[in-house]
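K.L.:
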Amino acid sequence: MKKKIAVLFGGQSTEHEVSTASATSVLKNINRTKYDVYPIGITKNGLWFKYTGNLDNIESGEWEKDESYKIPQGQNILFNKEVDIVFPVLHGLFGEDGTIQGMCKIFNIPCVGPGVMSSAICMDKIYTKYLLQKFNIVQADYVVINGYEYEDNKDAFLEKIEKKLGYDVFIKPSNGGSSVGITKAHNKEELTLGIKEALKHDRKILIEKAINAREIEVSVLGNDYPEASIPGEVIPAKEFYDYEAKYKSEASKLLIPAALCASKLQTIREQAIKIYKILDCAGMARVDFLVDKQTEEVYLNEVNTIPGFTKISMYPKMWDATGKNFETLIDELIILAIERNNK
Ligand SMILES: Nc1ncnc2c1ncn2[C@@H]1O[C@H](COP(=O)(O)OP(=O)(O)O)[C@@H](O)[C@H]1O
Ligand SMILES: [Mg+2]
266 MKKKIAVLFG GQSTEHEVST ASATSVLKNI NRTKYDVYPI GITKNGLWFK
316 YTGNLDNIES GEWEKDESYK IPQGQNILFN KEVDIVFPVL HGLFGEDGTI
366 QGMCKIFNIP CVGPGVMSSA ICMDKIYTKY LLQKFNIVQA DYVVINGYEY
416 EDNKDAFLEK IEKKLGYDVF IKPSNGGSSV GITKAHNKEE LTLGIKEALK
466 HDRKILIEKA INAREIEVSV LGNDYPEASI PGEVIPAKEF YDYEAKYKSE
516 ASKLLIPAAL CASKLQTIRE QAIKIYKILD CAGMARVDFL VDKQTEEVYL
566 NEVNTIPGFT KISMYPKMWD ATGKNFETLI DELIILAIER NNK
């Protein structure tokens, strides 16, 4: 009998729209001779839809207009064990952060990608830093701000940041993605505004020294013996890779392999696997680095446990360049999820 797989899309995060694009390409490339596919849409308000309509209506948001697909309360397909596997093609909070992974774990359903703890740590940029620091992984210098402490100690925080990091700096919500809430500050005024903006998205934020860097990414796949793809490079169309440069601008460029010498590429691949293992990732992750343009020093930037999956996204493209096409990749991810669940 064919295994039943739920492909979750949409979701309650700021990356809802990115997810619908990613899920559309996953749904179009999943092997239907092997799997019975259940596309499950999650609205921004957290309602679940068992969507059986046209796949071309997912990205536009049209799918949620037909209420007949809505799953009645109390009949969640995971609770009811209607499916054998879950592929959460959800980015950001309530999807990439360990919450859906926890739900699957409670109902003993294999779930594609890293487990609860790994997902939660990778989602949280501050905790990723804390943990990797212990293993001497090179990362940009930073300062952490808790929202509740900031208002009463603004000057002290600003002074600390200027003293420790200088300018330019990046200001980021600790839990976020797709550059939402992230700004670059070149002076105190922008820093103050950036902190205010980031605190709208999260109660704890990270101020990071800006590295004059090239952005190098690596796709990692596997459980106990992960493999790394050929590293790729993104060349943002704007000053940094913000939401617009990522999804709206045609001018951002992707380069696979990244234009670095063979030994540097090899070092970065090995570093990606090392980081993947420290963070206890499973299934997949895309490990993003910043490589200093002058010194070529390699800094870890962040780890994405449910990376973009659109046809033009780096994760599948880097695998394609390494000899694994989209369809094979999806199949391997599902097999890895089953394998990990059985342990
Ligand atoms: N320390 C830094 N130095 C230089 N550029 C950075 C730094 N941190 C972030 N950026 C830029 O901002 C973008 C988004 O930051 P990132 O930490 O990757 O957040 P997200 O999870 O939203 O992708 C990066 O792709 C890069 O262009
Ligand atoms: Mg990023």
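So in the working numbering, the last spot in the sequence shown is 608, and the numbers never skip. By construction, the Cβ of each residue, glycine as well, lies at the ideal position given by its N, Cα and C atoms. None of the values given here were measured: they were computed from a predicted structure.
Between which residues of its own chain and residue 591 is the CB-CB distance below 6 Å, once the five residues before and five after are set aside?
P.N.:
Excluding its 5 nearest sequence neighbours in each direction, residue 591 has C-beta neighbours in its own chain below 6 Å: 294 and 581, listed in chain order.
K.L.:
With DSSP as the reference, label residue 352 as helix, strand or coil.
P.N.:
It is a strand residue.
K.L.:
What is the rounded straight-line gap between the Cα of residue 284 and the Cα of residue 377?
P.N.:
15 Å
K.L.:
Pull up the CB-CB distance for residue 439 and residue 467, whole angstroms please, since I reckon it's below 8 Å.
P.N.:
Yes, they are in contact, since the Cβ atoms of residue 439 and residue 467 sit about 5 Å apart, within 8 Å.
K.L.:
Hey, quick one: how far does the beta strand (DSSP E) through residue 548 stretch, first residue to last?
P.N.:
548-557
K.L.:
Can you tell me whether residue 340 is buried or exposed, with buried defined as 16 or more other CB within 10 angstroms of its CB?
P.N.:
Classification of residue 340: exposed, given that the 10 Å Cβ count is below 16.
K.L.:
What residue from 479, 548, 397 and 572 has the CA that sits closest to residue 506's CA?
P.N.:
If you compare the alpha carbons of 479, 548, 397 and 572 with that of residue 506, the shortest gap goes to 479.
K.L.:
Quick test of the definition: if touching needs 3 or more C-beta pairs under 8 Å, does the stretch 513-530 touch the stretch 541-550?
P.N.:
no
K.L.:
Got a sec: does ligand 2 put a non-hydrogen atom nearer than 6 Å to the Cβ of residue 455?
P.N.:
Remark: the C-beta of residue 455 is outside contact range of ligand 2, defined as less than 6 Å to any heavy atom.
K.L.:
Closest to residue 588 by CA distance: which of 311, 424 and 521 is it?
P.N.:
521
K.L.:
If the criterion is Cβ atoms closer than 7 Å, does the pair residue 552 and residue 499 meet it?
P.N.:
Taking 7 Å as the Cβ cut-off, residue 552 and residue 499 do not qualify as a contacting pair.
K.L.:
Quick test of your reading: residue 352 and residue 273, contact by CB under 8 Å. State the CB separation rounded to the nearest angstrom.
P.N.:
Indeed, because the Cβ distance is near 7 Å, the residues count as touching under 8 Å.
K.L.:
Can you tell me which of the three DSSP states residue 336 falls into?
P.N.:
coil
K.L.:
Can you check which of these residues, 512, 348, 383 and 414, is closest to residue 464 by C-alpha distance?
P.N.:
Ranking the options by Cα distance to residue 464, first place goes to 414.
K.L.:
From the DSSP output, which residues share a beta bridge with residue 472?
P.N.:
DSSP lists 408 and 436 as partners of residue 472.
K.L.:
Compare the beta carbon distance of residue 361 and residue 571 with 7 Å and say whether it is the shorter of the two.
P.N.:
yes
K.L.:
Which one of 322, 328 and 301 has the shortest CA to CA distance from residue 314?
P.N.:
Residue 328 holds the alpha-carbon nearest to the alpha-carbon of residue 314 among 322, 328 and 301.
K.L.:
Counting C-beta neighbours from all protein chains within 10 Å, is the total for residue 554 16 or more, i.e. buried, or is it exposed?
P.N.:
buried
K.L.:
By DSSP's criteria, residue 389 is part of a beta bridge. Which residues make up the other side?
P.N.:
440
K.L.:
Given 8 Å as the limit, is there contact between the stretch 416-434 and the stretch 380-394, that is, 3 or more CB pairs closer than that?
P.N.:
At 8 Å Cβ cutoff, the stretches do not touch.
K.L.:
Return yes when at least one heavy atom of ligand 1 lies under 6 Å from the C-beta of residue 378, else no.
P.N.:
No, ligand 1 has no heavy atom inside 6 Å of this Cβ.
K.L.:
Would you report the Cα separation of residue 386 and residue 461, rounded to the nearest angstrom?
P.N.:
24 Å
K.L.:
Per DSSP, what are the beta-bridge partners of residue 518 in this structure?
P.N.:
According to DSSP, residue 518 bridges with 500.
K.L.:
Tell me which residue opens and which closes the alpha helix (DSSP H) that residue 566 is part of.
P.N.:
It is not in any alpha helix (DSSP H) - residue 566 instead sits in the beta strand (DSSP E) that spans 563-569.
K.L.:
For ligand 4, any of its heavy atoms closer than 6 Å to the Cβ of residue 487?
P.N.:
Ligand 4 is not part of the structure shown, which contains ligand 1 and ligand 2 as its ligands.
K.L.:
Does the beta-carbon distance from residue 475 to residue 434 come in below 7 Å?
P.N.:
yes
K.L.:
Could you say which of 564, 510 and 579 lies nearest to residue 550 if we only look at CA atoms?
P.N.:
579
K.L.:
Find out if the Cβ-Cβ distance for the pair residue 354, residue 271 is shorter than 7 Å.
P.N.:
Going by C-beta atoms, residue 354 is not nearer than 7 Å to residue 271.
K.L.:
Under a criterion of Cβ closer than 6 Å to any non-hydrogen atom of ligand 2, which residues qualify, in chain order?
P.N.:
553 and 567
K.L.:
Nearer than 6 Å: is that true of the beta carbon of residue 288 relative to any heavy atom of ligand 1?
P.N.:
no
K.L.:
Got a sec, what are the start and stop residues for the beta strand (DSSP E) residue 560 sits in?
P.N.:
Premise fails: residue 560 is in no beta strand (DSSP E) and is neither H nor E.
K.L.:
When you compare the stretch 357-371 with the stretch 452-459, are there three or more beta-carbon pairs, one atom per stretch, that lie closer than 8 Å?
P.N.:
They do not touch, by the three-pair rule.
K.L.:
Check the C-beta distance from residue 312 over to residue 289 and give it rounded, since I have them as a contact under 8 Å.
P.N.:
Their Cβ separation, rounded to whole angstroms, is 20 Å, which puts residue 312 and residue 289 out of contact at 8 Å.
K.L.:
How many Å lie between residue 473 and residue 278 at the Cα?
P.N.:
23 Å
K.L.:
Measuring alpha carbon to alpha carbon, tell me which residue in 296, 595 and 357 is nearest residue 275.
P.N.:
357
K.L.:
Measuring only the C-alpha atoms, how far is residue 331 from residue 518?
P.N.:
37 Å
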